[in-house]
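Enquirer:
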Amino acid sequence: MGNTLDSRTFDAIVIGSGMSGGWAAKELCEKGLKTLVLERGRDVKHIKDYPTTNMYPWEFKHREQVPYEIQQANPVVSRCYAFREDAMHFFVKDTEHPYLQEKPFDWIRGYQVGGKSIMWARQTQRWSDFDFEGPQRDGFAVDWPIRYKDLSFWYSYVEKFAGISGNKDGLPNLPDGEFLPPMELTCVENYFKDFVAKNYKDRHVIYARCAHLTDPQPIHLEQGRGQCQKRTICQRGCPFGGYYNTNSTTIPFAVKTGNMTLRPFSVVHSIIYDDNKGKATGVRVIDSKTKETIDFFAKIIFVNAAAFNTNLILLNSKSHRFPDGLGNEHGLMGKFVAFHNYRARMSASYDGFKEFTTDGRRPTSAYIPRFRNLYRQETDFLRGYAATFSAARGMMPADLNGYGENLKNSLIATQEPGPWHISSQMMGETIPRETNHLSLDSDKKDEWGIPLLKISIDYDDNEEKMIKDFYTQMTEMYTDAGFINIKTSDSRQAPGLDIHEMGGVRMGKDPKTSLLNQWNQLHACANVFVTDGACMTSTSTQNPSLTYMALTARAVEYAVSKMKRNEL
Ligand SMILES: Cc1cc2nc3c(=O)[nH]c(=O)nc-3n(C[C@H](O)[C@H](O)[C@H](O)COP(=O)(O)OP(=O)(O)OC[C@H]3O[C@@H](n4cnc5c(N)ncnc54)[C@H](O)[C@@H]3O)c2cc1C
Ligand code: SF4
132 MGNTLDSRTF
142 DAIVIGSGMS
152 GGWAAKELCE
162 KGLKTLVLER
172 GRDVKHIKDY
182 PTTNMYPWEF
192 KHREQVPYEI
202 QQANPVVSRC
212 YAFREDAMHF
222 FVKDTEHPYL
232 QEKPFDWIRG
242 YQVGGKSIMW
252 ARQTQRWSDF
262 DFEGPQRDGF
272 AVDWPIRYKD
282 LSFWYSYVEK
292 FAGISGNKDG
302 LPNLPDGEFL
312 PPMELTCVEN
322 YFKDFVAKNY
332 KDRHVIYARC
342 AHLTDPQPIH
352 LEQGRGQCQK
362 RTICQRGCPF
372 GGYYNTNSTT
382 IPFAVKTGNM
392 TLRPFSVVHS
402 IIYDDNKGKA
412 TGVRVIDSKT
422 KETIDFFAKI
432 IFVNAAAFNT
442 NLILLNSKSH
452 RFPDGLGNEH
462 GLMGKFVAFH
472 NYRARMSASY
482 DGFKEFTTDG
492 RRPTSAYIPR
502 FRNLYRQETD
512 FLRGYAATFS
522 AARGMMPADL
532 NGYGENLKNS
542 LIATQEPGPW
552 HISSQMMGET
562 IPRETNHLSL
572 DSDKKDEWGI
582 PLLKISIDYD
592 DNEEKMIKDF
602 YTQMTEMYTD
612 AGFINIKTSD
622 SRQAPGLDIH
632 EMGGVRMGKD
642 PKTSLLNQWN
652 QLHACANVFV
662 TDGACMTSTS
672 TQNPSLTYMA
682 LTARAVEYAV
692 SKMKRNEL
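Numbered by our numbering, the letters in the sequence shown go through residues 132 to 699 in order.
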């Protein structure tokens, strides 16, 4: 890339090349726009840059465990279950990119082409009107400017391309999508599913919808992807392209158009706003290798740096018109952030089905969609929770006696199926509160001269009450189903480990109480679009990435149609 004004001028700029940025890039390029994708990390090419993808456990120096000294130096990222020796290279280390925690917050990041789409857990449940209407019904947070009907076409659009496996369950609170066949449930999962269906009108146990190719369609074969082999080591990147990530799908499709320029090692400092023109004209970048400052220009800008970095970039985009951050006319930016409450877990065992066991692996689980406070407010807390559900049986050695070779031989010879182990994790909606907020530090800067992000986020009473209710309801269901050894546990983990941080640049109808309109367009700066988690008005209980992808494709369609009519 040269350095003339021409070579730095594009039709569109996308900031960030992760889950949502990949969609912005593909859609903009396919609509014929010359698009610059700015990514602060390195490039990661599908398969070629998955160095551990075909390694056996014994080929890792530390048998897939993170070495003690790395854990000690990086306590935050070490608390993430997927931060293991086989995928460490895809996670940001605490020491590399510091941030300030006014209250404990475990911020898990992936700075590379593909972002966190490489390491995600691939759960892809649609949102329903129970989610979009939540704030309007109970008055906490502002009303969403969209409803399910505005997004259902776009959910289908991204699902068909990404490849989502699932069962059509016909539930109003978890709409069906364009599904490839589901994987199987175990016999105890099926038993619990039937038990719940028989005993509760409003509760269901279903197969969790997930981004795995169980029956690749022509569009997936065209992407060079194949059937999921159920290796369950997806966080390394998959050589079969069995799960959806940006690197194997949206980015190569954007490349194919000939319209994309991908610039890795480009840390976005801010968006440039022209007071005279009354719009954004480009993006200021620090080259992370040379530390050079370079300005790039475009007619429209998509901000997809992941929720908190998007807040950071916008707050740091100061101009005469917007001294407190681009589009931040009413001091709302960075406020009303929320997350998912993942603290509570249940475990149990089951004495039946001794004649059956499980064998092999499955990269997903069963799912219990939200059933609390759907049709009416029935509890002393707002909103609700969904839960995972899984039941499996491991092989256990019957004889643990002996030493050395004798022990080894008896461990191999006396394997027999252990008890059925049952587990659930709560996935609770949290309420966006003004006091849960992000801001920029006025003194401390990172190595590129960008202010450090200060995070001030906490649980509140609503989350504590929700946890209690989850224990009560699940204990009742487990007990009645005949499960034994029922235990509850609270990880007491800080917010952040759910990796579903959202908000700060919320959508809404009124420019005084929100920053983005129904098309994810800044109310106060029409050629800037925010379609990652920063735009979320409330958090639902469902995993959010599918919704970011659908919102992004929808916003691109709108932006390009406006641009073609010279209205941006
Ligand atoms: C272990 C794990 C499990 C998860 N499981 C699920 C799940 O099951 N379901 C689900 O829905 N979600 C899940 N998630 C969350 C999911 O990964 C995120 O919601 C999703 O990746 C967010 O998409 P994004 O585009 O906003 O951000 P990302 O995918 O993180 O991409 C953001 C990109 O922007 C770049 N960037 C940041 N700042 C700048 C800057 N200043 N300049 C230039 N580039 C910048 C980053 O380097 C990155 O590449 C999981 C995440 C992890 C880590
Ligand atoms: S489980 Fe499927 S998607 Fe994950 S690594 Fe294995 S084959 Fe790939």
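Yeah, the Cβ is synthetic: ideal placement off N, Cα and C, and Gly gets one too.
1) For residue 466, which residues in the same chain have their Cβ closer than 6 Å to its Cβ, ignoring the five residues on either side in sequence?
2) Which residues neighbour ligand 2 when neighbourhood means a C-beta less than 6 Å away from any of its non-hydrogen atoms? List them by chain order.
3) From the DSSP output, read off the bridge partner residues of residue 547.
4) By the DSSP assignment, the beta strand (DSSP E) with residue 411 in it spans what residues?
5) Spell out the partners DSSP gives residue 662 in its beta bridges.
6) Should residue 573 go down as buried or exposed, given a rule of 16 or more other Cβ atoms within 10 Å for buried?
7) I'd like to confirm something about residue 170: is its beta-carbon nearer than 6 Å to some heavy atom of ligand 1, or not?
8) Since residue 294 and residue 311 should fall inside the 8 Å C-beta cutoff, what is the C-beta to C-beta distance between them, to a whole number of angstroms?
9) Please check the pair residue 236 and residue 675, which I expect to be a contact at CB under 8 Å, by giving their CB distance rounded to whole angstroms.
10) DSSP puts residue 582 in a beta bridge; with which residues?
11) Would you mind giving the Cβ-Cβ distance between residue 473 and residue 624, rounded to the nearest angstrom? I have them listed as a contact below 8 Å.
12) Considering just the uninterrupted stretch of the alpha helix (DSSP H) at residue 268, what are its terminal residues?
13) What span of residues does the beta strand (DSSP E) with residue 432 cover, start to end?
14) By how many angstroms is the C-alpha of residue 488 removed from the C-alpha of residue 232?
15) Let me know the secondary structure DSSP gives residue 595 once reduced to three states.
16) Figure out for me which residue from 241, 541, 258 and 260 has the closest Cα to the Cα of residue 251.
17) What do you reckon, are the CB atoms on residue 146 and residue 436 nearer than 7 Å?
18) Taking the beta strand (DSSP E) that residue 477 belongs to, which residues open and close that run?
19) Between which two residues does the beta strand (DSSP E) holding residue 451 run?
20) In terms of residues, what are the limits of the alpha helix (DSSP H) holding residue 204?
21) Under 7 Å, do residue 458 and residue 657 count as touching if we go by C-beta distance?
22) Can you tell which of 509, 680 and 499 has the C-alpha that lies nearest to the C-alpha of residue 516?
23) Does DSSP put residue 178 in a helix, a strand or coil?
24) Of the residues 485, 511, 513 and 579, which one's Cα is nearest the Cα of residue 548?
25) Would the C-beta of residue 254 count as close to ligand 1, meaning under 6 Å from any of its heavy atoms?
26) Quick check on residue 173: does DSSP put it in helix, strand or coil?
27) Could you check whether the Cβ of residue 679 sits closer than 7 Å to any Cβ belonging to chain B?
28) How big is the Cα-Cα spacing for residue 158 and residue 439?
29) Hey, out of 174, 586, 577 and 359, whose CA is closest to residue 371's CA?
30) In this structure, does DSSP put residue 244 in helix, strand or coil?
31) Cβ-heavy atom distance between residue 522 and ligand 1 below 6 Å?
32) Between the C-alpha atoms of residue 542 and residue 523, what's the straight-line distance to the nearest angstrom?
33) Beta carbon of residue 663: closer than 6 Å to some heavy atom of ligand 1?
34) Please name the residue in 556, 460, 613 and 290 whose C-alpha comes closest to that of residue 642.
35) Which same chain residues end up closer than 7 Å to residue 142 when comparing Cβ atoms and leaving out the 5 residues on each side of it in sequence?
36) Mind checking residue 276: buried by the 16 CB within 10 Å criterion, or exposed?
Expert: In brief:
1) Taking the sequence shown and counting its residues from 1, the one referred to as residue 466 is at position 335. Cβ neighbours of residue 466 beyond the five flanking positions: 565 and 568.
2) 343, 359, 360, 361, 362, 363, 364, 365, 369, 371, 373, 374 and 494
3) Taking the sequence shown and counting its residues from 1, the one referred to as residue 547 is at position 416. Per DSSP, 527.
4) Numbered from 1 along the sequence shown, position 280 holds the residue referred to as residue 411. 410–418 is the span of the beta strand (DSSP E), which, as asked, contains residue 411.
5) The residue you call residue 662 lines up with position 531 of the sequence shown. Its beta-bridge partners do not exist; DSSP assigns none.
6) The residue given as residue 573 occupies position 442 in the sequence shown. The residue is exposed, with fewer than 16 neighbouring Cβ atoms inside 10 Å.
7) As a working mapping, residue 170 is identified with position 39 in the sequence shown. Yes; taking the cut-off as 6 Å, the Cβ of residue 170 has a heavy atom of ligand 1 nearer than that.
8) Numbered from its first residue, the sequence shown carries residue 294 at position 163. Numbered from its first residue, the sequence shown carries residue 311 at position 180. That belief holds up - the Cβ atoms of residue 294 and residue 311 are roughly 6 Å apart, short of 8 Å.
9) Position 105 of the sequence shown, counted from the first residue, corresponds to residue 236. Position 544 of the sequence shown, counted from the first residue, corresponds to residue 675. About 17 Å; that fails the 8 Å criterion.
10) Along the sequence shown, one-based indexing puts residue 582 at 451. Bridge partners of residue 582: 576.
11) Within the sequence shown, numbered from 1, the residue matching residue 473 stands at position 342. Within the sequence shown, numbered from 1, the residue matching residue 624 stands at position 493. So it is a contact: roughly 7 Å between Cβ atoms.
12) For the purposes of this step, residue 268 is taken as residue 137 along the sequence shown, with counting starting at 1. 265–269 is the extent of the alpha helix (DSSP H) around residue 268.
13) Here residue 432 corresponds to residue number 301 of the sequence shown, with the count starting at 1. First-last of the beta strand (DSSP E) with residue 432: 431–434.
14) To locate residue 232, count along the sequence shown from 1; it is residue 101. To locate residue 488, count along the sequence shown from 1; it is residue 357. Rounded to the nearest angstrom, the two C-alpha atoms are 46 Å apart.
15) By 1-based counting over the sequence shown, the position of residue 595 is 464. In this structure, residue 595 counts as helix in the three-state DSSP scheme.
16) Numbered from 1 along the sequence shown, position 120 holds the residue referred to as residue 251. When only C-alpha atoms are compared, the closest one is 241.
17) Taking the sequence shown and counting its residues from 1, the one referred to as residue 146 is at position 15. Taking the sequence shown and counting its residues from 1, the one referred to as residue 436 is at position 305. Contact flag set, yes.
18) Here residue 477 refers to the residue found at position 346 of the sequence shown. Here the beta strand (DSSP E) through residue 477 covers 475–481.
19) For the purposes of this step, residue 451 is taken as the residue at position 320 of the sequence shown. That residue, residue 451, is in no beta strand (DSSP E); it is neither H nor E in DSSP.
20) The count along the sequence shown starts at 1 and reaches residue 204 at position 73. Unbroken alpha helix (DSSP H) run through residue 204: 199–204.
21) Mapped onto the sequence shown, residue 458 falls at position 327. Mapped onto the sequence shown, residue 657 falls at position 526. Their beta carbons are not under 7 Å apart, which means residue 458 does not touch residue 657 by this criterion.
22) Taking the first residue of the sequence shown as 1, we reach residue 516 at position 385. Minimum Cα distance to residue 516 is reached at 499.
23) Position 47 of the sequence shown, counted from the start, is the residue given in the question as residue 178. Here residue 178 sits in coil by DSSP.
24) Within the sequence shown, the letter at position 417 stands for residue 548. Of the listed residues, the one whose Cα sits closest to residue 548 is 485.
25) Position 123 of the sequence shown, counted from the first residue, corresponds to residue 254. Correct: residue 254 has its Cβ closer than 6 Å to ligand 1.
26) As a first step, residue 173 is located in the sequence shown; it is residue number 42 there, counting from the start. It is a strand residue.
27) The structure shown contains no chain B; it holds only a single protein chain.
28) As a position in the sequence shown, residue 158 is number 27, starting the count at 1. As a position in the sequence shown, residue 439 is number 308, starting the count at 1. One C-alpha to the other measures close to 23 Å.
29) Here residue 371 is taken as the residue at index 240 of the sequence shown, counted from 1. Residue 359 is the option with its Cα nearest to residue 371.
30) The residue labelled residue 244 in the question sits at position 113 within the sequence shown. Note: residue 244 maps to coil in three-state DSSP.
31) On the sequence shown, position 391 is the one that residue 522 refers to. No, ligand 1 has no heavy atom inside 6 Å of this Cβ.
32) Along the sequence shown, one-based indexing puts residue 542 at 411. Along the sequence shown, one-based indexing puts residue 523 at 392. Cα-Cα distance, rounded: 20 Å.
33) By 1-based counting over the sequence shown, the position of residue 663 is 532. At least one heavy atom of ligand 1 is nearer than 6 Å to the Cβ of residue 663, so yes.
34) Reading the sequence shown from its first residue, position 511 is the one you call residue 642. Residue 460 is the option with its Cα nearest to residue 642.
35) If you number the sequence shown from 1, residue 142 lands on position 11. Once the five neighbours on either side are set aside, the close Cβ partners of residue 142 are 164, 165, 166, 429 and 430.
36) Sequence index remark: in the sequence shown, residue 276 carries index 145 (1-based). Buried, by the Cβ-count rule.
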